[in-house]
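Number of protein chains: 2
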Amino acid sequence: MGFVPWAPFFPDMTAPVPISPDEMFMREALKQARVAADNDEVPVGAVIVHENKIIARAHNQVETLKDPTAHAEMIAITQASASLESKWLLECALYVTLEPCSMCAGALVLSRVRRICFGAADPKTGACGSVLDIVGHEPLNHHPEVEGGILEEECGRLLSDFFKQKRNPLDAGL
Amino acid sequence: MGFVPWAPFFPDMTAPVPISPDEMFMREALKQARVAADNDEVPVGAVIVHENKIIARAHNQVETLKDPTAHAEMIAITQASASLESKWLLECALYVTLEPCSMCAGALVLSRVRRICFGAADPKTGACGSVLDIVGHEPLNHHPEVEGGILEEECGRLLSDFFKQKRNPLDAGL
Numbered sequence: 000m001g002f003v004p005w006a007p008f009f010p011d012m013t014a015p016v017p018i019s020p021d022e023m024f025m026r027e028a029l030k031q032a033r034v035a036a037d038n039d040e041v042p043v044g045a046v047i048v049h050e051n052k053i054i055a056r057a058h059n060q061v062e063t064l065k066d067p068t069a070h071a072e073m074i075a076i077t078q079a080s081a082s083l084e085s086k087w088l089l090e091c092a093l094y095v096t097l098e099p100c101s102m103c104a105g106a107l108v109l110s111r112v113r114r115i116c117f118g119a120a121d122p123k124t125g126a127c128g129s130v131l132d133i134v135g136h137e138p139l140n141h142h143p144e145v146e147g148g149i150l151e152e153e154c155g156r157l158l159s160d161f162f163k164q165k166r167n168p169l170d171a172g173l
Numbered sequence: 000m001g002f003v004p005w006a007p008f009f010p011d012m013t014a015p016v017p018i019s020p021d022e023m024f025m026r027e028a029l030k031q032a033r034v035a036a037d038n039d040e041v042p043v044g045a046v047i048v049h050e051n052k053i054i055a056r057a058h059n060q061v062e063t064l065k066d067p068t069a070h071a072e073m074i075a076i077t078q079a080s081a082s083l084e085s086k087w088l089l090e091c092a093l094y095v096t097l098e099p100c101s102m103c104a105g106a107l108v109l110s111r112v113r114r115i116c117f118g119a120a121d122p123k124t125g126a127c128g129s130v131l132d133i134v135g136h137e138p139l140n141h142h143p144e145v146e147g148g149i150l151e152e153e154c155g156r157l158l159s160d161f162f163k164q165k166r167n168p169l170d171a172g173l
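Chains as they are written, first to last, in numbering that gives the first Met the number 0: chain E, 0 to 173; chain V, 0 to 173.
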């Protein structure tokens with residue numbers, strides 16, 4: 000920027016808005032979701048963070064692998080376990096663009112992950128409060144913290160655009 | 000057998016007792032559970048049957064792979080999907096020695112498997128009726144038939160013997 004005579008009197012409106020670590024990691028999950036969309040998969044992406052470092056990045060691969068278990072979260076859990084050489088992800092946080100389903104929520108309880116952060120809620124199959132609450136289910140022996148709604152709009156729009164385009168392929172790109 | 004003068008008058012008590020197909024397939028799942036026990040894994044085994052043929056056999060490998068998602072059912076679903084080259088196991092039945100947990104029950108709903116047959120119920124984490132009923136949960140879009148209690152005693156004993164031995168290693172083999 001050049002000389003701005005009023006600069007000492009006003010905060011710098013051009014400075015980048017600081018984003019929270021949660022938003023930063025969700026942006027990485029969103030990148031993965033876009034990889035899924037590029038491969039004609041339902042666009043869901045996930046990352047797992049340990050000591051502030053991403054140790055797993057995955058996207059939904061159900062169609063590519065023809066495997067109903069190949070959700071982004073499941074692949075990320077397996078990657079993170081391999082990275083830590085541990086079946087438990089005690090000090091880890093998972094960021095995923097869509098609320099985990101029953102399978103993924105069950106897997107996250109088994110993995111003893113500390114924190115689950117999701118973007119858009121899933122009113123059809125979400126199992127972190129929407130349709131079921133597996134992670135908060137009292138009789139199960141581990142209850143991760145859950146935070147939903149991180150970059151919710153962006154995560155949801157990616158999904159709704161994908162399904163809109165599936166219904167009306169001619170609208171692609173509109 | 001030699002000459003038995005009363006044979007025409009009595010049913011042959013030495014003839015093998017016919018077993019049901021469900022028992023037959025559960026015996027195959029039990030064989031897999033014993034492989035798990037031999038590898039110092041919680042002894043759970045599963046098979047998946049399609050058109051009366053076993054297309055997947057798997058045992059619990061959580062410790063071996065250090066992966067919390069490596070339950071027998073999950074590995075069997077991935078195998079069966081690969082075998083049928085389909086993400087859906089529409090005409091398949093899964094036989095597993097222990098009632099599926101939330102993760103596995105969720106995966107079975109996603110796979111659209113037709114029938115789930117389990118041996119022992121799991122009062123701690125069972126998600127086919129014991130602690131949760133994911134497969135019967137109304138809002139989810141697929142509801143496999145469920146039958147529990149097939150060779151229940153044998154399936155349960157394998158598990159209780161395993162945990163007894165874990166608690167008191169000196170009792171091994173007693």
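Just so it is clear, CB atoms sit at the ideal spot from N, CA and C, and this is done for glycine as well.
TODO: Would you verify that the beta carbon of S110(V) is, or is not, closer than 7 angstroms to some beta carbon of chain C?
DONE: Of the chains in the structure shown, none is chain C; the protein chains are E and V.
TODO: Evaluate M23(E) with the Cβ neighbour count: other Cβ atoms within 10 Å of its Cβ, from every protein chain shown; 16 or more gives buried, anything less gives exposed.
DONE: For this step, residue 23(E) is matched to residue 24 along the first sequence. Burial call: exposed.
Open item on the list: Can you tell me whether N59(E) is buried or exposed? The criterion is at least 16 other CB atoms within 10 Å of its CB, across all chains shown.
Closed with: Residue 59(E) sits at position 60 when you count from the first residue of the first sequence. Flag for N59(E) reads buried.
TODO: Name, in chain order, the residues that DSSP records as bridge partners for A55(V).
DONE: For the purposes of this step, residue 55(V) is taken as the residue at position 56 of the second sequence. A55(V) pairs with I47(V).
- [ ] Could you pull out every residue in the same chain whose Cβ sits closer than 7 angstroms to the Cβ of A120(E), ignoring the five residues on either side in sequence?
- [x] On the first sequence, position 121 is the one that residue 120(E) refers to. Only E98, S129 and G147 meet the Cβ criterion.
Task: C-alpha distance - L131(V) paired with L169(V), whole-angstrom precision - done: Counting from 1 along the second sequence, the entry for residue 131(V) is found at position 132. Counting from 1 along the second sequence, the entry for residue 169(V) is found at position 170. Spanning the two alpha carbons is a distance of roughly 36 angstroms.
Open item on the list: Please confirm whether G105(E) has its beta-carbon closer than 7 angstroms to some beta-carbon of chain V.
Closed with: Against the first sequence, residue 105(E) aligns to sequence position 106. True, the Cβ-Cβ gap to chain V drops below 7 angstroms.
Open item on the list: Can you look up L173(E) in the DSSP assignment and give me helix, strand or coil?
Closed with: For this step, residue 173(E) is matched to residue 174 along the first sequence. For L173(E), the pLDDT reaches just 47, beneath the cut-off of 50, and the residue's location in the model is therefore unreliable, although a value from the coordinates is still provided. The answer is coil: DSSP assigns L173(E) none of H, G, I, E or B.
- [ ] Can you have a look at T13(E) and say buried or exposed, based on whether 16 or more other CB atoms are within 10 angstroms of its CB?
- [x] Counted from its first residue, the first sequence places residue 13(E) at position 14. Looking at its Cβ environment, which holds fewer than 16 other Cβ atoms inside 10 Å, T13(E) is exposed.
TODO: Grab me the residues of K30(E)'s own chain with a C-beta within less than 7 angstroms of its C-beta, minus the 5 sequence neighbours each way, in chain order.
DONE: Position 31 of the first sequence, counting from 1, holds the residue named residue 30(E). Here the set comprises G44.
Task: the stretch 50-59 of chain E contacting the stretch 64-73 of chain V, beta-carbon criterion three pairs below 8 angstroms - done: no
Task: In chain order, each alpha helix (DSSP H) run of at least 4 residues that lies wholly inside the stretch 83-126 of chain V - done: 101-110
Task: Those residues which DSSP pairs with E144(V) across a bridge - done: As a position in the second sequence, residue 144(V) is number 145, starting the count at 1. Answer is R114(V).
- [ ] In the DSSP assignment, find the unbroken alpha helix (DSSP H) run with L29(E) in it and report its ends.
- [x] Taking the first residue of the first sequence as position 1, residue 29(E) is located at position 30. Segment P20 to D37, the alpha helix (DSSP H) holding L29(E).
Open item on the list: Quick check: what's the CA-CA separation for I18(V) versus M25(V)?
Closed with: Here residue 18(V) refers to the residue found at position 19 when the second sequence is read from its first residue. Here residue 25(V) refers to the residue found at position 26 when the second sequence is read from its first residue. Approximately 11 angstroms, taken between the alpha carbons.
TODO: Determine the direct distance from the alpha carbon of E40(E) to that of E90(E), and round the result to whole angstroms.
DONE: The residue given as residue 90(E) occupies position 91 in the first sequence. The residue given as residue 40(E) occupies position 41 in the first sequence. E90(E) and E40(E): Cα-Cα distance of roughly 30 angstroms.
- [ ] Please list the partners that I76(E) has in chain V, where partner means a Cβ-to-Cβ separation under 8 angstroms.
- [x] Position 77 of the first sequence, counted from the first residue, corresponds to residue 76(E). Under the 8 angstroms cutoff, chain V gives D66, P67 and T68.
Open item on the list: Less than 6 angstroms between C-beta atoms, sequence neighbours within five positions excluded: which residues of the same chain meet that for L173(E)?
Closed with: For the purposes of this step, residue 173(E) is taken as the residue at position 174 of the first sequence. Caution is warranted here: a pLDDT of 47 is assigned to L173(E), below 50, making its placement in the model unreliable, and no coordinate value can be reported.
Open item on the list: Taking 7 angstroms as the threshold (C-beta atoms), are I76(V) and S110(V) in contact?
Closed with: The residue labelled residue 110(V) in the question sits at position 111 within the second sequence. The residue labelled residue 76(V) in the question sits at position 77 within the second sequence. In contact: S110(V) and I76(V) (Cβ atoms closer than 7 angstroms).
Task: Collapsed DSSP secondary structure at D132(E) in the structure displayed - done: Locating residue 132(E) in the first sequence gives position 133, where the first residue counts as 1. D132(E) falls in the strand class under three-state DSSP.
- [ ] For P42(V), count neighbouring C-beta atoms within 10 Å of its own C-beta (all shown protein chains included) and say buried if the count is 16 or more, exposed if not.
- [x] Position 43 of the second sequence, counted from the first residue, corresponds to residue 42(V). Its Cβ being crowded by 16 or more others within 10 Å, P42(V) is buried.
- [ ] Please determine, among K123(E), L83(E), S85(E) and V108(E), the residue with the shortest C-alpha to C-alpha distance to P138(V).
- [x] As a working mapping, residue 138(V) is identified with position 139 in the second sequence. The residue with the shortest Cα to Cα distance from P138(V) is K123(E).
Task: Integer-rounded CB distance, given that L157(V) should sit under 8 angstroms from T96(V) - done: For the purposes of this step, residue 96(V) is taken as the residue at position 97 of the second sequence. For the purposes of this step, residue 157(V) is taken as the residue at position 158 of the second sequence. Right, the Cβ-Cβ distance comes to about 7 angstroms (below 8 angstroms), so this counts as a contact.
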